[in-house]
Each structure stands twice: as structure tokens, then as C-alpha cells.
Amino acid sequence: MKRLIPSVALGLALLLLPGLAWAQQGTVTGTVTEAETGEPLPGATVQIADENTGAASDAEGQYRITGVPAGEQTLRVSFVGYQTEERTINVPADGTVRVNFQLRTSQAELEEVVVQAYGGQQTTGEVSGSVSSIDAESIEQAPQQSAQGLLQGRAAGVTVTQTSGNPGSGFEVNIRGEGSINAGTQPLYIVDGVQVSFSGGSETTDTSPLNAIDPGNIASIEVLKDAAASAIYGAQAANGVVLINTKEGRAGETRVSVNFEGGARLQNYNYDPLSQENWIDLQIDALGEAGFRQGILPAYGLAPGTPLSEIPSTNWENFISRTGSSYGAGFSANGGNETTQFFLSGNWEKTNAALKSVSYEDFNFRVNVTQEFTERLDVDLKIGLQNSDQPGVCQDGFFINCPFSAIQFEPPITKPYEDDGSYYPFTSFGQSNNPAVVLNEARPVLDQTQIIGNISPSFQIASWLRFDGQLGLDYQQLRETDYETPIADPGGGGNNQIRNAEVTNLTTNATLNANRTFSSVHDVGVLVGGEYRREFITDDEFGVEGFNNPFFRVADAASSINFFQGNNSEFRLLSGFGSINYSYDDRYVVRLTGRADGSSRFGTNSQFGFFPSASVAWRVSNEEFFSPEFINNLKVRASYGVTGNSSIGGSGTNVDNFASRGLYQVSGSYEGTVGVRPSQLANPQLTWEEKEEFNLAIDYGLFGDRITGSFDAYRSTSSKLLLNRPLPSNSGFGSITQNLGEVRNEGIEVQVKTINLRTDDFQWSTRFNAGINRNEVLSLSEGQEELDAGDSLPVAVGHSLEAWKVPLWAGVNPADGRPMFYDQDGNITYRPTEADDQFFDGGEEDVQGGFGTRVSYKGLSLDAFFQFSYGSTSLPNTERAFLSNQGAFSAGLGLLNDRWKEPGDITDVARAVPSGVYPNADDFNSLTSYWLYDSSYIRLKNVRLGYQLPTSVTERLQIRGARIYVSGLNLITWTSYIGLDPEVAGAFNESSYPSEKQFNVGIEVNL
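Under mature numbering (1 follows the signal peptide of the UniProt record, and there is no 0), read the sequence shown as residues -23 to -1, 1 to 984, first letter to last.
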């Protein structure tokens, strides 16, 4: 209405102008819509450029301009946040010409505003810290089930690893390297101002509390990477901060959208087992014909004289797999008036994984309401509800009863079923570990409910001063059952483990935000506030066994109780914080922040700390002396700050909430009386880990922002690391947790976006980012140079946190096929010892990042995105242990076809030998550098092809707009890694559930 009033006044004024030749005038009409969604844009300004006449589009996006002089005219349309468009038209005398516009989002407008902590906003020119933004367009085009997945490859310096391909699984996110050994390394996640807790976690599968956020509801994601950007979160910010903001309502007519999607899921792993024929050849090569028939065949239930043609041939990979499916539907509605705006959405999705017996069903509902009670008082209410049901099987880890391990140790001469349909009893580890039994008779299920919500009043005290408050809740409820039938648990008659856990995370804060401008060039912003957080955790679990009837699995139906355990814990955080922002003439920026935190997790003498930061920025391109015309934006920034890491007591940490306390346990007895004795020594000086960080950066825009990007260089030192220091035996305790170690991370980050071509109908843009990080352990406990972390992954001074310490592989002796190694003096040895171990710093990537492109022509658009990791090393442990050349309990890798067979053979695969023939018979598959494989990869992560139906079609259908699309996820992977999936590998991989390939087709309709 505000835009319509001046337009009407303008039209009336034109009617009074003398000399208008009405016989030489015409009418221009049409609609203005959003190019991406097809939704109308009410209030867009449409003008005849040289005639000072125009109109505003109505609620349907329609406009009409009358009295336009006939002939050639320039028609211009503009709308806040969108690219202004102009077209040359020919207006017929006494006629009407229809011109429709599809406006595209103005990247320059979007990038002008960056969401900051505690509801603050800054223009990109004012930002002096290191912040990566995931824009709305990238979010819309990425087919992901999780908010964490949206970060993958899209933010420089942010490493995102999918921990499992299981539908609904979580991601491991690491910002600028690992800075801790025992505390958590996940960043702090904040959803609409509410801090999300990771204190819970499943014991049967892999999941994430961020599944409560439907990616379709996300408006923006900001990653605060350096201390200057994140220090306002103090003791929780050492691992970085991720701000997730959901969509809000817009004033105007209610706009309703519905969407439907369905597709298929396929296995996507890299697996090359031996065929049945080659497997038999391997056994005969190692054992001889007699050894194979007298030893191997009877072990698998076959008679020694069984003809080769009658030996079973099973493709276990195909057996555990299927063509999975996914389908879902959702809706959203937003609208309101000048005082009330709302956003409402709901989404349901059902996924049947490509691994048999695994599925995931998810329901999300969200309501966001903004209510203006007076001109000075607003209240926001945001509530998200999620419930998921996740049946599955054992999915991760080096366990014989997990399908992805089973297919690697189960030889092709076994089978899942007997001819009568019963389970085959002669699989490698008995019938109870037959992969068919694992899939059908073991039934873990996770049911999870989560609520994330807040209520936030805002009161405008004065034009320059605002009060904001918030009360936030993150509530998580997990119910897990892990049932095994009597077939899977023959000794116990079936068993069931039942777990109930709850996490209640309450956060409340209040802030005063002042912003003033003096003399038109001095902009000052001051924020002061306080926050209180309290988290309660309850976790109860018990196990029962002995079920007479497999249809009754409740505890009352069991014959005995195996165990019962439970625990309750809580922690509290009290904080005060503030920031000062100063900008002079849009050229010089200074930002100071500080936060004081008090945490109940740490020692009574060290519960409080202060975390400051300072940053500066210089807009060189705004200086009068700056002359290069092709550089339209050049900004230099620098920052320094201190943050803390208090992430203990949750999943992914090795330190519990009570590490600083002196604890007692009920243990031991004397003359039949149970006693209580000390179990942990108190450390009142224990405090959080600290990270000190420097950052230098350049932001740039070239050729009118057709090329934009940034370059960051940083160095951080994490100190006061939480380590267990051994104690003398006469102390009565084995160790005590203290703040001891130091780790350094340093690296560079590059981000580039380009607009390669842009016309009225055709646009082509690209984006690229990469990050390089190096970490090094600087110190451990006094006098300690190495900390044994097991699995040949020690933590050692002078090396990275993901360094290997193993014997160095020297090849295969061409004369006899034996594996050779180098000893500590560089000489060949056939029997390496621990003294021969050498360090290999290769567990983390040298470079990681992503690149993508978007091409659109009229209503057709194509998006493609690649992610990559280069220089990382992983040890595929299951392949090493089970896919060796030792025969029994091994499916065998295809690489064993290249083994040494006769003198003179040049190969890197040792000869086939049975255990006991040589003293070093097991050395080929022992932990040596041979098994440290390059896990670098490039993956075509997602592709999306969409078509926006033209307005002529949607008008006939009486809808606002419609878009159909096809998309794919995890489509192609280029890698030399021999494990199942380089993306989920990590440094030490034990057959984790690999990511799945997905194909989807969908439609979005705007009603």
C-alpha cells in the first residue's frame, strides 16, 4: 500500500498535464514474480524510464500502467533485494502490451547483511572477523536431510565428514582443525538463538540433534570461524560457532506451497572382493589341494570331495543390498499483516535404505510467529518439533555381526539359507552371525523426539536503543530398544536392551543494543547482555533375556534381568558479555568483544574466566586515493581473540562432567558389609581449554562484483588441554585429569564466486572454496613426549593429532614372496618390532573444499556441486584384518589376484601362506605403512535440474507458480582408496556404513 499511494498520486498528476495526445497512448500490463519460486512479488515498482510514470504490483504480482506514449519505451522494474531489470518495449497506440518479469535475487543485496550473534546484523563492509555464509540459493539446491550436510564443501576451512551413510545419521564438523585431544571438537550450534545440546547420543545407531531442523525451513547459515567472530560465546566457542536461522513470515496475502518428492537409493561403496573361483584358487595356493579339501571345505559344512561345480557361490554384497526408496511430502504457509506475520511448515519423509532392514521415518513441524503489540514492542515465537523412527542393524565398527564387516569376512563359498529356507549354520562365525540372521533377527530401533523453541520479546526503548530477551528450550527424548531373537542369541533365548534418555537444555538471555550515528560518518554500536544456561540429562538402561514368545519383547515377558544402570547429571553456565563496534566513514572498522563465563563443570577454584577479542578492518577501495576501476571492493581485516572449550560430558568426548570432582563408588566389602571408597581424585584447579587465535584476511570484489572472494590466513594455539596425568601407585589413584597440553593449528582459506555470464534470459555463475590446515602437538604432560591412544595412532609432540606410528613397508621379496620392512636403521627385516615404528603425518587432509556451478535459461536451471579432499590417509582396518591372504574368515580383496606366485614375480602383494608356515605369516596384514592408503577423493555431491513453469501455464492452472525438478546425491566418486567410502573413512576406518547414492524427482507448487 505504501508504494501504491505515491503511484496513484503520480497518475493523477499526469492526468492534469496539458498537451497529452490521448490518441497516441497505450497500456502496459503484466506480472512480476520471483524467478526461483514463481511466487508473485507484491509492491514491485514498474516504471516507464523516460516518462516519470509507473505503478506498483498488487498482491498477485500484477501491474497495469495506462497512458503510456506509443512507440519505443524503456520499462524498468525494481524490488528491494532483487536485481533491477530493464526492457525495451514497443507500445501500440490505443493498444495493450503485456510484459512479464521474473526477478532474480540480487547477490549484492544479500551479501550486504550478515547475521551476527544475539540477533545482531552487520553489513559485509562492517564485518571484521572471519565468517562464511551459506546463502538461501545453496540451501535450496542441496538435497540434504541434515543442516550439517549443507556445510559440506560450501565453507572454506570447514571439514564435514559423514559419519555414516545410514539415513538420519549425523556429520562430524571441524572448523579450522582439531584443537583438542580429549574434549569435544564439534562447533557450537545455535538455532534461532537456542544453543543445541550434543550431550545425548544413540548407542545403537548414528544420529544428530540437528535432525530437528528441516533444511527446507532454513533461511541462512553463518559459520563464525575466528576468535573475533565467535569470542562473544566465550567458553563454548573454541571449536567455532554455527548460527542457523529459520524462515520468517512476510506481510501480505497468505502464500501456501506444497511439495512432493520421491526417489531411489543405491549402494555407493567401492568394493572389489575375490570371485568364488579366485577365492578357491587363493586357498589352494596357500594350503594345497589337500589342505583346501580337508581343512577349508569341512569348516564351512562341505564334504571334502565336493565337486567345484557344487560349491556354493554367493555374492554377499548383493545379498545385503536392495534398491532403496525415499518419498515424502511437505507444505509451508507464510503471510500476515503489518502487526502479525507467520511462517508455518510441516514435512514428512520415509526412507528405506539400500541396506536391507534399515529405514528412517521423520516428521518435522515448525511455526514461527512475529507479533507487534505496539509500535515499540514485538514478540517472536519460534517452535520446531521433530519425531523420527529409525529401525536398523549394526551399522558401524569392526564387529563380526555388522553387515558391512560381514560381507568382507564371509567367503563366497558360504550361503545365507539352506535349501529348506532355514539359516545356513556354517558361516564363518556360526549361525548367529550369519549375515541373514544379522539382517532379520537383530532389530535395534531408535525413536527420537525433539523440540527446539524460543520466545523472544523486543522493546524499542528509543530510536537508537533496543532491549531483546529470549527464553529458549532444546528438549531431546530418546528411546532405544535392541532386540535379538533366540536365533541371534541362542545361548540366552533372546535378549532386549532398553534405554530411555532425556536432555533438557534451557537458555535465557537478555541484551541491550544501542546504535548511533554521529556527524554522518561515525557509526557506533554497543551490545551488553547476560545469559544463563542449565542442562539436565537423565539416562536409564536395562537388559533382559529369555523370551518364551518372540512376539512379546517387553521386560515382563523375559525370564531374567541382565543388568540395570542409570545416571543423572546437569551443568550450569552463567555469563556476561558485551561488544563495541565502531565504523568511520565506511572505511575503518573496529570491533571489541568480551565475555565472562562461569561453568559448574570445572574446579571450584577455576570456574570463571574471561574471553576477549579485537578486530579491525580497512575498506581500502573507499579511500579517495584508490584508483583501480576494476577493483570495486577491497577490504583488509585482522583479528585476535581468546576462546574456550568446555565441551565435556557429552558424546564425542573423553572427559565427563565430574572430572574436577572427588568421587566415591560403592565397591568392595568387609565381612559381608558393602563399603564406599574414593574412585577419583579431585582437582579444584581444573578449567576449560583455551584457544588463542590470530587471523589476517583480504576481501575483494572485481569488475562490479562479477568476481568476489576472500583469502584468510590464521594461526591458533590451544592450551590447557585436558589430559590424564599418571600418578604414583602409592597415591591410591591411577591418574588425575589436569590442564597440560598444547596443540597448534595454522592454515589458509580461499573463497571465490564468479558471475560468468548474465543476460535477461541466461545466467551462469560458479563458486569455489578450499582450506588448508596443519596441526601439531606442541606439548603434553611434563616430561612426556608421546601419549598412547591405541591402534598405532599415538599423540606425540612434534606431530599432528592424526599421525601414524607403524613399521615402514619395504615391499615383497621377489625370491620367496615374503613381506619386507625397514628396521630403525634402514635395513631390511622380516620381523619388525615396536622399535622399528616410524611416524607418518597423514591423517588429516592437505586440502579440502568444494566447487560448483549454476546455469539457468529462462525457467530452466542446472546446479552441480563437487566436494573434494586431497592428501588424507586412512587405514581400512576391516580390509586389512579380513581381506588378507590368510584364508579362513576372509572374503579376500581383488588385489590378492596380484599376489606373488613364483620366484622373480615383482609385486607388492605377499605370497599366500597358511598361518604357522613362516614365523611372520601374519605380517602382511599387520599394522604397517602398507595399509596406509591415500583416501583423497573428488565426489559429484549433488546435481539438480529444475524447470519453472511459465506464467502462461500457471495462470491457466490458477496457481501462483510451480517447479519440477530431478536431483541426485553422491553420484560419482573418483578415488584410489580401497575401503568402502573415502568420505566416511576417517583416519581409522572399520567398515562404517558408506554413503548411499540417491536419485529424486519432485514438484513444488505455490498455491
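Just so you know, even glycine gets a beta-carbon here, dropped at the ideal spot from N, CA and C.
These numbers were taken from a predicted model, which means no experiment stands behind them.
Identity of the residue in the options nearest residue i by Cα
i, options, result
"D793", "E759, D885, L926", "D885"
"R921", "D112, F541, A119, G7", "A119"
"P289", "A773, M797, I257", "I257"
"T570", "L279, Y561, Y924, V593", "V593"
"F585", "L551, K359, F602", "L551"
"L984", "G938, K974, P959", "G938"
"residue 986", "E967, D958, S969, Y942", "The requested residue 986 is not part of the displayed model; the chain covers only -23 to 984."
"F540", "G580, D562, A491, N473", "N473"
"A532", "R511, A573, I475", "I475"
"R270", "T283, D183, W441, A263", "T283"
"I608", "G555, G649, D676", "D676"
"G142", "I980, S968, G979, V982", "S968"
"D802", "E670, D445, L785", "L785"
"N188", "T162, Q761, E418, S123", "S123"
"S409", "A383, P389, I429, P434", "A383"
"G201", "S157, T231, S105", "According to the sequence provided, residue 201 is Leu. The question's Gly does not apply to it. Residue S105 is the option with its Cα nearest to L201."
"Q925", "E932, T316, G323, L837", "L837"
"V45", "Q139, A841, T4, E37", "T4"
"L332", "F296, F579, S696", "F296"
"P434", "R443, Q427, I428", "R443"
"R795", "I883, R420, Y561", "I883"
"L681", "L734, P527, V824", "Reading off the sequence shown, one finds Gly at residue 681, where the question assumed Leu. Of the candidates L734, P527, V824, the one whose C-alpha sits nearest the C-alpha of G681 is L734."
Buried/exposed call for residue i, threshold 16 Cβ in 10 Å
i, result
"T73", "exposed"
"N216", "buried"
"E103", "buried"
"E199", "buried"
"F56", "buried"
"I221", "buried"
"Q172", "buried"
"L934", "exposed"
"A26", "exposed"
"D562", "exposed"
"F381", "buried"
"T181", "buried"
Residue i (DSSP reduced to helix, strand or coil)
i, result
"W951", "strand"
"D813", "helix"
"V45", "strand"
"G979", "strand"
"T928", "helix"
"W665", "coil"
"A(-1)", "In this prediction, A(-1) scores a pLDDT of 47, lower than 50, which makes its location untrustworthy; the coordinate-derived value is nonetheless stated afterwards. Helix at A(-1)."
"S851", "strand"
"W256", "helix"
"W908", "helix"
"E114", "helix"
"residue 1011", "Past the edges of the chain, shown from -23 to 984, lies residue 1011, and the structure says nothing about it."
"D885", "coil"
"R227", "coil"
"A215", "coil"
"G711", "coil"
"P69", "coil"
"N245", "coil"
"G20", "coil"
"L187", "helix"
- Message: In chain order, what are the residue ranges of uninterrupted beta strand (DSSP E) at least 3 long that sit wholly in the region 260 to 341?
- Response: Complete beta strand (DSSP E) runs here, min 3: 301 to 313, 317 to 329.
- Item | the region 450 to 462 / the region 476 to 485 touching (three or more Cβ pairs under 8 Å) | yes
- Query: Fully enclosed by the region 343 to 420, which alpha helix (DSSP H) runs are 4 residues long or longer?
  - Reply: 380 to 386, 412 to 418
- Query: Which runs of the beta strand (DSSP E), 3 residues or longer, sit entirely within the region 119 to 173?
  - Reply: For the region 119 to 173, whole beta strand (DSSP E) runs of length 3 or above, ordered along the chain, are 135 to 139, 148 to 152, 165 to 168.
- At what residue ranges does the region 579 to 639 contain a whole run of the beta strand (DSSP E), taking only runs of 3 or more? Complete beta strand (DSSP E) runs here, min 3: 585 to 596, 608 to 622.
- Task: Taking 8 Å as the threshold, find out whether the region 744 to 756 comes into contact with the region 772 to 781 through three or more Cβ pairs.
- Result: yes
- Query: Any chance the region 359 to 367 sits against the region 331 to 340, with 3 or more Cβ pairs inside 8 Å?
  - Reply: The region 359 to 367 is in contact with the region 331 to 340.
- Task: Report yes or no: do the region 607 to 621 and the region 151 to 163 share at least 3 C-beta pairs separated by less than 8 Å?
- Result: no
- Query: Below 8 Å, can you find three or more Cβ-Cβ pairs linking the region 386 to 401 to the region 220 to 234?
  - Reply: Result no; under three Cβ-Cβ pairs closer than 8 Å.
- Message: If we require 3 or more residues per run, which beta strand (DSSP E) segments fall completely within the region 741 to 802?
- Response: Fully enclosed beta strand (DSSP E) runs of 3 or longer: 780 to 783, 785 to 789, 796 to 799.
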